[in-house]
Amino acid sequence: MFLPTHTSCGVQVSLDCPLAQRTINIPCRGVRCGHAQCFDVYSYLGCNEATLEPSWCCPVCREKVFVQDIRVDVFTLNILIRAGARFNAVEIRADGSCEFLTSGDDRNVSGGEDSSAKAEAAP
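Here our numbering is used: the first residue of the sequence shown is 5, the next is one more, and so on.
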């Protein structure tokens with residue numbers, strides 16, 4: 005699993021859901037989460053609805069995230085659309101640009117011409 009790490013150039017974020025261990029479809033976080041890493045909304049809801057005692061805790065920071073606290077991360081959604089199935093992580097730089105990575109490479113694989121393009125963030 006690719007863990008979020010801070011580098012001198014930005015933060016590395018996995019495009020795989022920490023719950024499902026596969027590519028995120030709809031990236032989300034809780035309103036109180038302070039991390040960049042997202043999880044898949046369908047995996048999160050499915051894990052909590054499939055048990056008699058749901059935890060409703062963020063799989064990254066363990067903060068409580070109830071249904072009304074879930075927010076879709078449009079910035080990460082745009083990154084996922086651009087990455088397709090080719091990459092499973094991204095380094096997001098302070099200026100909003102990104103470099104796509106594969107799990108075995110810590111900065112060795114770039115996303116070509118798309119890698120320096122800025123993803124649009126939602127207001």
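Virtual Cβ for every residue (Gly too), placed ideally from N, Cα, C.
Does the Cβ of residue i have 16 or more other Cβ atoms within 10 Å, making it buried, or fewer, making it exposed?
i, result
"Gln-72", "exposed"
"Ile-85", "exposed"
"Ser-47", "buried"
To the nearest angstrom, report how far apart residue i and residue j are at their CA atoms.
i, j, result
"Ile-96", "Glu-103", "7 Å"
"Cys-65", "His-39", "8 Å"
"Val-17", "Val-94", "5 Å"
"Arg-82", "Leu-56", "Per the sequence presented here, residue 82 reads as Asn, with Arg not at that position. Their backbone Cα atoms lie some 35 Å apart in a straight line."
"Phe-29", "Thr-80", "Per the sequence shown, residue 29 should be read as Asn rather than Phe. Those two C-alpha atoms are separated by around 10 Å."
"Ala-54", "Arg-33", "20 Å"
"Val-69", "Ser-59", "9 Å"
"Ser-101", "Asn-52", "34 Å"
"Thr-27", "Glu-67", "22 Å"
Thinking just about the alpha-carbon of each residue, which of the options is nearest to the one in residue i?
i, options, result
"Arg-36", "Ala-87, Ala-98 and Cys-62", "Cys-62"
"Gly-50", "Val-64, Ala-24 and Arg-66", "Ala-24"
"Ala-87", "Glu-67, Asp-77, Gly-100 and Leu-105", "Leu-105"
"Asp-77", "Arg-26, Cys-42, Pro-22 and Thr-27", "Cys-42"
"Gly-74", "Pro-22, Thr-27 and Pro-31", "Going by the sequence as given, residue 74 is Ile instead of Gly. It is Pro-31 whose Cα lies nearest to the Cα of Ile-74."
Assuming residue i and residue j form a contact by the criterion Cβ under 8 Å, report the distance between their Cβ atoms to the nearest whole angstrom.
i, j, result
"Asn-92", "Asp-20", "5 Å"
"Ala-98", "Gly-14", "6 Å"
Would residue i count as contacting chain D if we go by Cβ distances under 9 Å?
i, result
"Gly-14", "Reference to chain D is not applicable here, since this structure consists of a single protein chain."
Point to revise | Complete beta strand (DSSP E) runs within the segment 39-78 (minimum length 3 residues, chain order) | key: As far as the segment 39-78 is concerned, its whole beta strand (DSSP E) runs of at least 3 residues are 74-76.
Review point. Along the chain, which unbroken stretches of the beta strand (DSSP E) at least 3 residues long are found entirely within the segment 81-107?
Key: Entirely contained in the segment 81-107, the beta strand (DSSP E) runs reaching 3 residues are, in chain order, 93-97 and 102-105.
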